[in-house]
Amino acid sequence: MRRDAGFTLIELVITIAIIGVLATAVMPMANLVSKRHKEQELRISLRQVRDAIDAYRLAVDDGRVMKGALESGYPKSLEILVEGVEDAKNPKKTRIYFLRRVPRDPTFTDASVPASETWGIRSYESPPDSPSPGNDVFDVFSLSQEVGLNGIPYSQW
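Residue numbers (my numbering): 6 to 162.
Here you go:
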């Protein structure tokens, strides 16, 4: 007797059930990997902006960037870090640039908003526990209300 080659209906149903169980096990891992990637981008972006702010302040302290008597020595906006400032020590008055571009906050979902507006701004005068914008940019933080995998809200990173 010759048996026809192929799969029975039971074999197909069992195979589909096994694939479904495996897919449901993989989905949480895919979400976790995606969240980790977003958090890594956030860390890198925060570091880039904060390093640029610190470099600006060092340039002010070194006398390469002029500041007024009542100014803190921090940039007035994030755009200044990209536009650059005139080097006061260079006789040719070249510009000093601190960032090529302002990185976006990866947790900010609206792509139509300019990158510099995706960050929360803390001025030098504002207290650490209640950051608010002011006359300068002392620090940046994420506007996201989400909590990171480490249990700390992104806005406190």
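Every residue gets a Cβ at the ideal spot worked out from N, C-alpha and C, and that includes glycine.
- With the rule of 3 Cβ pairs closer than 8 Å, the stretch 96-115 counts as touching the stretch 43-51.
- The beta carbon of P108 sits closer than 6 Å to those of S50 and Q53, all from its chain and outside the five residues before and after it, given in chain order.
- In the DSSP assignment, no residue is bridged to G89.
- Around the Cβ of V118, a 10 Å sphere holds fewer than 16 other Cβ atoms; the residue is exposed.
- Contact between the stretch 67-77 and the stretch 85-103 is present: 3 or more CB-CB pairs across the two stretches fall below 8 Å.
- Burial is judged here by how many other beta carbons sit within 10 angstroms of a residue's own beta carbon; I58 has at least 16 and is buried.
- Per DSSP, the beta-bridge partners of V145 are I126.
- Y61 is positioned such that its CB atom lies closer than 8 Å to that of P80.
- Distances from the alpha-carbon of P138 to those of L148, D144, I126 and F146 put I126 closest.
- With a beta-carbon spacing of about 26 Å, S77 and Y159 fall beyond the 8 Å limit used to define contacts.
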